Structures are given as structure tokens and as C-alpha cells.
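A.B. asks: Per our numbering, the sequence shown starts with residue 8, numbered consecutively. Structure provided below as C-alpha cells; questions to follow.
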Amino acid sequence: MDFKEYGLVLITDEKQRLYFLGFHSTAGYVMLTPEKTVFVVDSRYISAAKKALTPKGIEVVLGVDYTPLLKEVENLSNKTVAIDYTVTTVSQFEKYKELGLKLTDVSSEIVNEMAVKTEDEIKYIQKACNIAEKAWKEVIPLIREGITERQLANELEYRFKKYGASGPSFDTIIAFGKNAAVPHHETGDTKLQKNQCVLMDFGCVYKGYCSDMTRTLFFGEPSEKFLRAYLATLTAHVKSAEEIKSGMTGKEADAIARTHLESLGYGKYFTHSLGHGIGVNIHEFPTLSPKGEAVLKENMVFSNEPGVYLDGKFGIRIEDSARIENGKYKSFMKDDKSLIVINGGKITRKKLLK
Numbered sequence: 008m009d010f011k012e013y014g015l016v017l018i019t020d021e022k023q024r025l026y027f028l029g030f031h032s033t034a035g036y037v038m039l040t041p042e043k044t045v046f047v048v049d050s051r052y053i054s055a056a057k058k059a060l061t062p063k064g065i066e067v068v069l070g071v072d073y074t075p076l077l078k079e080v081e082n083l084s085n086k087t088v089a090i091d092y093t094v095t096t097v098s099q100f101e102k103y104k105e106l107g108l109k110l111t112d113v114s115s116e117i118v119n120e121m122a123v124k125t126e127d128e129i130k131y132i133q134k135a136c137n138i139a140e141k142a143w144k145e146v147i148p149l150i151r152e153g154i155t156e157r158q159l160a161n162e163l164e165y166r167f168k169k170y171g172a173s174g175p176s177f178d179t180i181i182a183f184g185k186n187a188a189v190p191h192h193e194t195g196d197t198k199l200q201k202n203q204c205v206l207m208d209f210g211c212v213y214k215g216y217c218s219d220m221t222r223t224l225f226f227g228e229p230s231e232k233f234l235r236a237y238l239a240t241l242t243a244h245v246k247s248a249e250e251i252k253s254g255m256t257g258k259e260a261d262a263i264a265r266t267h268l269e270s271l272g273y274g275k276y277f278t279h280s281l282g283h284g285i286g287v288n289i290h291e292f293p294t295l296s297p298k299g300e301a302v303l304k305e306n307m308v309f310s311n312e313p314g315v316y317l318d319g320k321f322g323i324r325i326e327d328s329a330r331i332e333n334g335k336y337k338s339f340m341k342d343d344k345s346l347i348v349i350n351g352g353k354i355t356r357k358k359l360l361k
């Protein structure tokens with residue numbers, strides 16, 4: 008971001024503070040100027056913040072109000088503070104008005120900067136994906152008749168922390184049978200029965216950065232109808248992975264999977280966008296949707312998650328976290344996404360792709 012144009016950028020959002028500092032806190036604000044970065048925070052974090060940030064050249068100041076901000080504003084020729092309007096509350100706006108601040112919006116600049124990841128951010132997301140994938144593989148043998156959605160979610164989330172994550176990156180979605188036809192089903196106490204699909208949408212946070220992954224398995228003997236829908240979803244996912252590239256808009260990326268599913272008769276059953284950006288937030292810029300105008304660039308991170316949902320029957324979603332590397336799509340996940348079938352105590356993979 009070119010701070011010279013704005014003089015001072017004020018960051019108050021928790022996730023944006025994490026992005027600009029590489030340090031997590033539930034309070035405080037950051038001042039970004041052409042000359043320096045200043046973090047104002049209360050006594051709960053001051054010691055840890057100084058230890059973590061001073062070596063990076065970031066100035067850490069003890070404060071619980073806007074006195075340090077007003078001192079910085081005095082040195083500005085235009086007395087204007089740049090903020091992100093989209094994350095600023097009404098009470099904050101009122102406070103800034105009370106302080107006599109002139110404001111300008113830099114929400115688009117912040118969003119665009121956060122969308123392109125650094126090498127360290129890529130490493131953290133890769134680690135979060137590795138943990139999520141490892142946890143998922145460990146819980147597959149635990150899938151059995153009678154287990155509840157909540158129990159399976161708990162098994163996953165326990166393993167996230169076991170392997171170094173701070174916790175889930177969103178509320179884990181476990182959906183059995185017809186529950187899976189609801190894309191954002193709320194995990195509950197439904198018990199798994201024979202001949203039901205098992206949709207698992209999950210992710211974890213490592214050093215503040217998120218992973219996002221969905222797999223759909225089958226418990227029992229899958230019907231031909233389910234297998235056809237799974238193959239359609241899988242080929243939509245693979246086709247997107249093969250064709251997404253830098254310079255493409257989010258709309259064009261979404262159209263790859265959507266057009267493919269429409270050609271197979273599943274277009275009306277794909278009821279959400281193909282993907283979303285991933286970073287310190289689980290949903291951020293860019294958006295891969297029918298309205299996505301953003302251009303995909305090197306080191307942007309996003310999800311690839313086509314789905315097919317048949318109301319009252321089953322739902323299928325196959326999702327990887329991915330990025331643009333050397334102009335092309337590259338997944339963070341290593342699993343081959345073949346259909347896992349758990350039947351009669353045996354776990355097998357159906358290779359549906361030729």
C-alpha cells in the first residue's frame with residue numbers, strides 16, 4: 008500500500024492488525040505512515056508485543072485511548088486519517104467525529120493488498136492445510152454407524168490442536184445423508200446410518216492463517232445416482248484446477264465448473280460460488296463467483312469447491328485450498344479426492360476418473 012498518498016492509515020480490525028503486524032491481539036490499533044508502523048495497545052499485550060515487534064522495527068506504545076493517534080495527526084499536513092469503512096462500527100465513526108478527524112476510505116486498497124500473499128503467509132497456509140488433511144485422514148477409521156455429526160466434528164477439532172493449530176478456522180460442518188444437501192448445514196446430533204453420505208467441511212488456523220477443505224465420503228453402498236453426481240462434482244473440481252490461471256477473473260474461474268456441471272445436467276444443483284479468498288480470514292478477497300470481477304494474480308489464495316445438492320437425498324462438495332503459482336493453479340492439498348467408501352468395516356477408494 009502506498010502510504011504517502013494518505014499520510015496515516017489507521018487499522019483497528021483484529022484480523023487486519025494480525026495481517027499488518029504478524030501479532031495477534033484482541034485490542035489495540037495500528038498506525039501506518041510512510042516513515043513507521045506504530046502499534047498502540049494496553050498493558051495486557053505490551054510486553055509480548057514489544058518482544059515480538061520491536062525487532063521488526065515496529066514501534067509499540069502503551070495506550071488505551073486515541074491520544075497517540077491525535078499526536079500523529081498533528082503532524083499531518085491534511086489532517087486526514089485513512090480507514091477501512093467496511094470494518095468500522097457506527098460507534099467508532101462517532102468517536103472519530105468527536106475527535107474532529109477527517110476520514111477517507113481505503114477499504115479496497117487494504118483488501119487488494121491482503122489478497123496477494125507473501126512467502127511466509129503461503130508457508131503458514133500450507134501448514135494449516137497439512138494439519139487439516141492429517142486430522143481428516145486420522146478420523147476416517149472412526150466413521151461408524153451411530154456416530155453423531157458432533158462427535159465426528161469433535162474428533163477432527165481435537166486433532167487440529169494436537170498437531171499445532173490454534174483451533175478450527177470456522178465451525179466445522181459435518182452432514183450425514185440428506186443433511187448434506189444443505190451447503191452450510193449446522194452440525195448436530197444426527198446419527199450416521201447405513202447407506203448415507205458423509206460431508207465434512209473443515210479447516211484450522213496456524214499462526215493466524217486459515218485452511219479450508221471439504222470431502223464427501225460414503226458409508227455403505229453408494230447408489231448409481233450418487234456415483235454419477237460424485238463424478239460430476241469431481242470432474243468439475245479437476246477441470247477448474249486444470250484451467251484456472253493468473254489473469255482470469257473470478258467470474259471466468261467460476262464459469263469453468265458451472266458450465267461443466269450444466270453440461271452434465273447438474274447446473275441447478277450447484278447453488279453457491281466456486282470459491283473465495285483465504286488468509287487471516289476464512290472468507291476474503293477474491294471471490295470466484297458469477298459476479299466476481301477481480302483478476303486472479305500470482306500468490307492469491309482461494310478455495311475450489313464445486314458442489315451438487317439434491318434436496319432430501321444427499322449433497323456432495325469437494326474442496327481444496329489453492330493458490331496461483333507461476334501463473335497456474337496449485338493446490339495446497341495432497342489427497343487425490345477419489346471417493347472413499349466405508350462398507351462392512353472396510354475402507355476403500357473408488358477410482359472414478361479414467
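Virtual Cβ for every residue (Gly too), placed ideally from N, Cα, C. These numbers were taken from a predicted model, which means no experiment stands behind them.
Given a cut-off of 8 Å on the beta-carbon distance, is the pair residue 204 and residue 224 in contact?
C.D. replies: yes
A.B. asks: Please state whether DSSP places residue 329 in a helix, a strand or coil.
C.D. replies: strand
A.B. asks: Starting from the C-beta of residue 177, find all residues in its chain whose C-beta is less than 7 Å away, skip the five residues before and the five after it, and write them out in chain order.
C.D. replies: 210, 289
A.B. asks: According to DSSP, is residue 364 part of a helix, a strand, or is it coil?
C.D. replies: Here the chain has residues from 8 to 361 only, and residue 364 is not among them.
A.B. asks: State yes or no: is the C-beta of residue 14 within less than 8 Å of the C-beta of residue 83?
C.D. replies: The Cβ atoms of residue 14 and residue 83 lie closer than 8 Å to each other.
A.B. asks: Which value, in whole angstroms, describes the spacing of the CA atoms of residue 353 and residue 46?
C.D. replies: If I take the Cα positions, the gap works out to 55 Å.
A.B. asks: What first and last residue would you give for the beta strand (DSSP E) that runs through residue 180?
C.D. replies: 180 to 183
A.B. asks: Applying the criterion that 16 or more other CB atoms from any shown protein chain within 10 Å of the CB defines a buried residue, is residue 265 buried or exposed?
C.D. replies: buried
A.B. asks: In terms of residues, what are the limits of the alpha helix (DSSP H) holding residue 244?
C.D. replies: 231 to 250
A.B. asks: Take residue 89 and list the residues in its own chain whose beta-carbon comes closer than 6 Å to its own, dropping the five residues that flank it on each side.
C.D. replies: Taken in chain order, the residues that qualify are 13, 16, 111, 113.
A.B. asks: Check whether the region 117 to 126 and the region 134 to 149 touch, using three or more Cβ-Cβ pairs below 8 Å as the test.
C.D. replies: no
A.B. asks: Got a sec, what are the start and stop residues for the beta strand (DSSP E) residue 291 sits in?
C.D. replies: 291 to 295
A.B. asks: Is the beta carbon of residue 25 closer than 8 Å to that of residue 31?
C.D. replies: yes
A.B. asks: To the nearest angstrom, how far is the alpha carbon of residue 53 from that of residue 91?
C.D. replies: 25 Å
A.B. asks: In whole angstroms, what is the alpha-carbon distance linking residue 245 and residue 93?
C.D. replies: Spanning the two alpha carbons is a distance of roughly 35 Å.
A.B. asks: Rounded to a whole number of angstroms, what is the C-alpha to C-alpha distance between residue 157 and residue 181?
C.D. replies: 7 Å
A.B. asks: Beta-carbon separation of residue 305 and residue 325 under 8 Å?
C.D. replies: no
A.B. asks: Starting from residue 36, trace the alpha helix (DSSP H) in both directions and tell me its first and last residue.
C.D. replies: Following the DSSP letters along the chain, one finds residue 36 in no alpha helix (DSSP H) but inside the beta strand (DSSP E) bounded by residues 36 to 39.
A.B. asks: Going along the chain, which residues of its own chain have a beta-carbon closer than 6 Å to the beta-carbon of residue 118, five neighbours each way excluded?
C.D. replies: Within the same chain, and ignoring the five residues on either side of residue 118 in sequence, the residues whose Cβ sits closer than 6 Å to its Cβ are 292.
A.B. asks: Residue 85 to residue 42, Cα distance in whole Å?
C.D. replies: 16 Å
A.B. asks: If distances are taken between C-alpha atoms only, which option among 21, 340, 296, 87 comes closest to residue 48?
C.D. replies: 21
A.B. asks: Looking at residue 313 and residue 5, is the spacing between their C-beta atoms short of 8 Å?
C.D. replies: Given a span of 8 to 361 for the chain in the structure shown, any question on residue 5 remains unanswerable.
A.B. asks: May I have a chain-ordered list of the beta strand (DSSP E) segments no shorter than 3 residues that lie completely inside the region 38 to 72?
C.D. replies: 44 to 48, 66 to 69
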